[in-house]
Amino acid sequence: MKTRNFFFLLATLAIVACQPEIDEFQAAPGTANFTKYVSIGNSLTAGYSDGALYHSAQMNSYPSIMAAQFAKAGGGNFVQPVVASEYGVLPGKRVLGFATDCKGVTSLAPVAATGTPDGLTPVGYAVNNFGVPGAKSYHLLAGHYGDPAGLVTTPMTANPYFVRFASTIETSVIEDVMAAQPTFFSLWIGNNDVLGYALAGGENNAAGETVTDPTFFSTVYTGIVNTLMTTKAKGVLANIPDITSIPFFTTVPYNGLVLTAEQAAQLNGAYQLVEAYLASIGVPYTYNFNFQAGPNAFVIEDRNFPIAALPDYLKVRQMKPGELLLLTVPQDELKCNGMGSFDAVNSKPYGIPQNYVLDEDEVAAITTATAAYNATIKSVALANNLAHVDMAQKLKDAKSGLVYDGVSFNTTFVTGGIFSLDGVHMNQQGAAIVANYFIEAINAAYSATVPMAEVTAYPGIVFP
Amino acid sequence: MRKTLLVLTCIGMMATTAMAGGYQVRLQGARQTGMGLIGTPMAFGSSSIFYNPGAMGFHDSRFDFTIGGSTILSRISYQAIGSDYSAKTDNPVSTPFFFYAQAKITEKLVAGVGVYTPYGSKSVWPDDWKGRYLIQNIGLQAIYIQPTISYKLTDWLGIGAGLVLVNGKVDLEKGVPYNEGSKATLSGTANSMGFNVGVFIKPCEKLAIGIDYRSHIDTEVEGGDATFSVPASLNTLIPASNKFNASLPLPANLDFGVSYKVNEKWTVAFELDYVFWGKYDTLKFTFEESGDKLNSVNPRLYSNRLIPRIGAEYTLNEKLQFRFGAYYDQTPTNQDYFNPETVSLNTLALSAGVTYKPLPNLRIDVSYLQLHGMESERSYLPANFSGKYRSFTAIPGLGITYSF
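The listed protein sequences correspond, in order, to chains A and B. Just so we're aligned, residue 1 is where the first sequence starts under our numbering, counting upward by one. Just so we're aligned, residue 465 is where the second sequence starts under our numbering, counting upward by one.
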């Protein structure tokens, strides 16, 4: 066996000495300088996910993922206003669990998480991540935006999340950003300028959510970037995805009223009785509903109903293609109590209330404003030689599906793997995908070679 | 560590590994291995059962027994594209083996049997590596048993044929993209049959020509065990225990070789091996339960390949021989359907060997083969998985032949 041992030793030596080496990836900042990176934005930038700003999602916010990649190309430390709790700063976190519906059917669904929120105690240190959940473009310029006194006024003039890390009571987000003296910044703001309105179903609710006027947006946005440019920092701007790329608005289809032939006939009959009643009280009206077996457009409240004098419950119409229902539309009401079709118990029409619906006018207002914001963002990027991420196009592409390392992603709620359980914000894998969109644009604009993040190395939605 | 490896070498002669040419391993004789795996135009004794059954009758002895094996030490490197991610396999040492026995029944008729492992692959990637949803660990092996007869028609022409009985085995583990740690483990065996025929021509004392054909064999796993570790909430969709069917082709080989005895000391040889990898088009898995969610058809799109080999043998004296060889093995894999389950790269191989004959009828053949899998950028498009791969393999081998 001596000879054999000798050969074996030789081979062992060879395998130790002759590792198959491949040249390593060469990370470089190009013409950018990542020494002091700051991120500016809203909940998406903060790492908000599953309806809350909680620890692990914040640790894997897209700016945090980017900073980790920047660190390989000369980037410095990246500090976030750390949330200690896995439950979040404020209540509202959702997790995947089991829910039983009004028909007694139990299924996998997002349910309320339990835990103790962190609360609003200021963290007491300077940060790099200026993502403030809820912030609209113009909020970045607002003084006293982190003033606790502004949380109890009506309307609120401060933001609870900025209260946690504002340097002073008087300061604005942009002032704190400037004090940080960034060498590189990312700015993704303007989503809430339409989303606030969209999430409220386009209604003028108590919070007074409206679509920010595009001209005003342009002034504000240009002002923010001009201010940032005085630091000589380089940066990247991202635009605003269309709401039709976001599962919160696409999960419940407008024609989700699926009927059997028998049910369709019953519904047609019910509305004939309503029409007969209207004729009998001297206000003849034809709804023109024709329910059929299969999918039908839901019945919604109609603010533009031709006979204004009628009580609200009679002022209904069917949804049109392109109109959107919110994810928050009460499913049990739809399934068991006739919302969206007819309230059989009380024998009356039961349209889906307007605050769960984006009708054609509301969708148009949002779409027009988004396009105008995106034109502004594009031109500001060009004017200042900043990198530009066409997030609207990226998410549109993601709708038809992406594949990373054998894992498929799309924008479908829960199963799509990009969005979290709130249907609006990314989960951590989604954050990595977004971080890579930013890195891609930065590498192109600044001749940099920042390595891409490994999407599948981050956690996705956790199944029970 | 070394001790462990040696123990494995000695008692664990069960597994095989592929480094080049898909998952084929041609380490079926230490003498042939030393000469760049040339065996078809050689009459080295009972190892001809594998390399060319037509040559069995051209060996002088009445009985010939050969036993041996190799120890494959291999490393594969992976470097992602556009990111700084890299990984190296930690492949276990694997040990393809062979055993042959042949006996002359008459001067012209020889019968023999061979047991050998010409196909196999064993790769262990780091836990939770980037490609885990393609493959985490894989072990493939096929043991061939080949009863063979050979007939020497004339002084210069021999033919031989063997029936090949195959026992194949596959074990693989891969991630499934639910929670962290969710995975699938598949394990199955298959039995099938094929044949090996060869012709050996010796037009003159100095020249030998060999042609050998080993048939295509499909190994069909039926009712293999599939275990899915997925979150409990998904068990209604994906049962924890399942059965699967799959089929892996072991491709046909057509080998042609020529050897020339230059003088008393030197013999040189070359060989061309054509491997019918083109049959490996897809890898299909069908499952007994939840087939609609689990069944998959995975493109592989391999191509037929021609492997050129050269080798030489130098006889120093009655006790010592030396040999050298080289070959170039072009990968049969497809550039766009390259799955890290079989990292087969264009490979340059160099070999060397020594024979020591302590007794006239006992020979000890030692071989060393070194494979350089050349760096190459490859993708598996269905998974959007790309990277640069490179491999290095060192294979010491040993064979002992006793003839009388």
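We put the beta carbon where it would ideally sit given N, CA and C, even for glycine. Since the structure is predicted, the reported quantities are computational estimates derived from the model, not experimental observations.
So which residues on chain B does residue i lean against when the C-beta distance must stay under 7 Å?
i: A/Gly190; result: Residues of chain B passing the Cβ test: none, with the nearest at roughly 29 Å.
i: A/Val527; result: Outside the shown range of chain A (1 to 464) lies residue 527 of chain A, about which nothing can therefore be said.
Reducing DSSP to helix, strand and coil, say where residue i ends up.
i: A/Val472; result: The structure shown does not extend to residue 472 of chain A, since chain A is modelled only from 1 through 464, so no value can be given for it.
i: B/Ala648; result: strand
i: B/Asn803; result: coil
i: B/Asp682; result: strand
i: B/Phe514; result: helix
i: A/Pro349; result: strand
i: B/Leu718; result: strand
i: A/Leu141; result: helix
i: B/Tyr549; result: coil
i: B/Ser656; result: strand
i: A/Tyr446; result: helix
i: A/Asp397; result: helix
i: B/Cys668; result: strand
i: A/Arg164; result: coil
i: B/Met499; result: coil
Give the interface partners of residue i over in chain A, defined as CB-CB distance under 8 Å, in chain order.
i: B/Ala494; result: Neighbours of B/Ala494 on chain A: none; closest Cβ ~10 Å, over 8 Å.
i: B/Tyr597; result: Asp405, Gly406, Val407, Thr456
i: B/Arg754; result: It should be pointed out that residue 754 of chain B corresponds to Ser in this sequence rather than to Arg. Near B/Ser754 there are no residues of chain A at all, since even the closest Cβ is about 16 Å away, more than 8 Å.
i: B/Ser855; result: Pro20
i: B/Gly533; result: Within chain A, no residue comes near B/Gly533; the closest Cβ sits about 10 Å away, beyond 8 Å.
Mind pulling the chain A residues with CB within less than 9 Å of residue i?
i: B/Lys852; result: Ile22, Asp23
With a CB to CB cut of under 6 Å and the five nearest residues on each side skipped, what residues in its chain are close to residue i?
i: B/Leu573; result: Tyr615
i: A/Phe165; result: Pro81, Val123, Val127
i: B/Glu872; result: The structure shown does not extend to residue 872 of chain B, since chain B spans only 465 to 868, so no value can be given for it.
i: A/Pro148; result: Val163
i: A/Tyr161; result: Val132, Pro133
i: B/Tyr580; result: Gln492, Phe514, Phe562, Tyr608
Can you give the beta carbon distance from residue i to residue j, rounded, assuming they're within the 8 Å contact cut?
i: B/Gly626; j: B/Ile536; result: With 8 Å as the limit, B/Gly626 and B/Ile536 do not qualify as a contact, their Cβ atoms being about 25 Å apart.
i: B/Gly674; j: B/Ala519; result: 6 Å
i: A/His425; j: A/Ser39; result: Actually they do not touch by this definition, with Cβ atoms about 15 Å apart.
i: A/Pro20; j: B/Ser541; result: 4 Å
i: B/Asn803; j: B/Tyr844; result: 5 Å
i: A/Ile243; j: A/Ile418; result: With 8 Å as the limit, A/Ile243 and A/Ile418 do not qualify as a contact, their Cβ atoms being about 15 Å apart.
i: A/Ala73; j: A/Lys93; result: No, A/Ala73 and A/Lys93 are not in contact; Cβ-Cβ is about 34 Å, not under 8 Å.
i: A/Ile352; j: A/Ile300; result: 5 Å
Could you work out which residues of chain A lie near residue i, taking near to mean beta carbons separated by less than 7 Å?
i: B/Pro695; result: Phe463, Pro464
i: B/Tyr642; result: Phe463
i: B/Glu839; result: Ile22
List, in order along the chain, the chain B residues whose C-beta lies closer than 8 Å to that of residue i?
i: A/Glu454; result: Ala544, Ser547, Tyr549, Lys594
i: A/Val236; result: Under the 8 Å cutoff, chain B gives no residues; its nearest Cβ is about 17 Å from A/Val236.
i: A/Ala27; result: Asp548
Residues in the same chain with beta-carbon distance under 7 Å from residue i, minus the five sequence neighbours each way, listed in chain order, please.
i: A/Asn443; result: Thr449, Val450
i: B/Gly742; result: Tyr766, Ser767, Asn768
i: A/Thr100; result: Thr106
i: B/Ala565; result: Ser510, Phe529, Gly576, Val577
Under 9 Å between beta-carbons, which chain B residues line up against residue i? List them in chain order, please.
i: A/Lys72; result: Asp548
i: A/Pro459; result: Asn643, Glu644
i: A/Leu108; result: Ser697, Leu698
i: A/Pro451; result: Ala544, Gly546, Ser547, Asp548, Tyr549
Residues in its own chain within less than 8 Å of residue i by CB, not counting five upstream and five downstream?
i: A/Phe25; result: Thr449, Pro451
i: A/Ala158; result: His144, Tyr145, Gly146, Asp147, Pro148, Ala149, Gly150, Leu151
i: A/His388; result: Val236, Leu237, Ala238, Asn239, Ile377, Lys378, Ala381, Leu382, Ala441, Ala445
i: A/Val283; result: Ile307, Ala309, Leu310
Give a single yes or no on whether residue i has its beta carbon closer than 7 Å to a heavy atom of the ligand SAH.
i: B/Phe788; result: The ligand SAH is absent from the structure shown, which contains no ligands of any kind.
Task: the segment 697-712 of chain B touching the segment 664-679 of chain B, judged by at least three CB pairs closer than 8 Å - done: Remark: fewer than three beta-carbon pairs, one from each stretch, lie closer than 8 Å, so the segment 697-712 of chain B and the segment 664-679 of chain B are not flagged as touching.
Open item on the list: Three Cβ pairs or more, each shorter than 8 Å: is that satisfied between the segment 81-91 of chain A and the segment 387-400 of chain A?
Closed with: Contact fails: fewer than three Cβ-Cβ distances are below 8 Å.
Task: Given 8 Å, three or more beta-carbon pairs between the segment 771-785 of chain B and the segment 729-739 of chain B - done: When C-beta atoms of the segment 771-785 of chain B are compared with those of the segment 729-739 of chain B, three or more pairs fall below 8 Å, so the two segments count as touching.
Open item on the list: Between the segment 262-269 of chain A and the segment 404-412 of chain A, can you find at least three pairs of beta-carbon atoms closer than 8 Å?
Closed with: No: the two stretches stay apart, fewer than three of their Cβ pairs being nearer than 8 Å.
TODO: Indicate whether the contact test is met: 3 or more Cβ pairs, each with one atom in the segment 327-338 of chain A and one in the segment 305-318 of chain A, closer than 8 Å.
DONE: Short answer: they don't touch.
TODO: Give a yes or no on contact between the segment 177-193 of chain A and the segment 346-361 of chain A, applying the rule of three or more CB pairs nearer than 8 Å.
DONE: Touching, no.
TODO: May I ask you to verify whether the segment 643-652 of chain B touches the segment 807-824 of chain B, counting CB pairs closer than 8 Å and requiring at least 3?
DONE: Look at the beta carbons and you see the segment 643-652 of chain B not touching the segment 807-824 of chain B: under three pairs across the two are nearer than 8 Å.
Open item on the list: Measuring CB atoms only, is the segment 373-384 of chain A touching the segment 816-829 of chain B, in the sense that at least three cross pairs come out at less than 8 Å?
Closed with: Flag = no, the segment 373-384 of chain A and the segment 816-829 of chain B do not touch.
Open item on the list: Contact between the segment 615-624 of chain B and the segment 550-567 of chain B is defined here as three or more beta-carbon pairs at a separation below 8 Å; is this criterion met?
Closed with: Contact fails: fewer than three Cβ-Cβ distances are below 8 Å.
Open item on the list: For the segment 715-723 of chain B against the segment 502-510 of chain B, do three or more pairs of beta-carbon atoms, one drawn from each stretch, fall closer than 8 Å, so that the two count as touching?
Closed with: Verdict: yes, contact present.
Task: Validate contact between the segment 230-239 of chain A and the segment 277-291 of chain A using beta carbons, cut 8 Å, 3 pairs - done: They do not touch, by the three-pair rule.
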